[in-house]
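Taking it in order: structure first as structure tokens, then the write-up.
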Ligand code: FES
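In my numbering, the protein residues as written are 21 to 134.
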């Protein structure tokens, strides 16, 4: 695991996620107030992007079939998803968001909110 910057807290959307790709891993980053959570950007049901889902407080709704996930724990709260998604540690320092990503590659992509 290695820490990578995924941008500024102020630039994160509040009603959806931001997709970042670190090496081979897509990560969905969510702002909940002044906290930030990061989970795998791959729904455990049928591989949709959770970063593209709508965020309600600390819950995101998968845009494909509507399963709801807790963005802090990665656990599914509703069907049809039944398996959790990976959770990545996040640290916010001086307004910049760092995710503890699974490898040392650089952020390659940042497109969910564009
Ligand atoms: S792909 Fe997410 S609920 Fe089906």
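Cβ atoms here follow ideal geometry from the backbone N, Cα and C, with glycine treated the same way.
| query | result |
| --- | --- |
| If you draw a straight line from the C-alpha of residue 36 to the C-alpha of residue 94, how long is it? | 15 Å |
| Measuring only from the beta carbon, is residue 57 closer than 7 Å to any heavy atom that is part of the ligand FES? | no |
| Taking the C-alpha atoms as reference points, what is the distance between residue 130 and residue 41? | Residue placement at residue 130 is flagged as unreliable, the pLDDT there being 49, under the threshold of 50; a coordinate-derived value is accordingly withheld. |
| Just to confirm before moving on: does the CB-CB distance between residue 100 and residue 57 stay below 8 Å? | no |
| Any chance the CB of residue 74 is under 7 Å from a heavy atom of the ligand FES? | no |
| Compute the Euclidean distance between the alpha carbons of residue 33 and residue 49, then round it to the nearest angstrom. | 9 Å |
| With burial defined as no fewer than 16 other Cβ atoms inside 10 Å of the residue's Cβ, what is the status of residue 115: buried or exposed? | exposed |
| Got a sec, what are the start and stop residues for the beta strand (DSSP E) residue 27 sits in? | 22-28 |
| Please give the ranges of any beta strand (DSSP E) in the region 36-112, keeping only runs that are unbroken, at least 3 residues long and fully inside the region. | 37-42, 45-52, 55-60, 74-76, 79-81, 88-90 |
| Along the beta strand (DSSP E) that carries residue 120, what are the first and last residues, could you check? | 116-121 |
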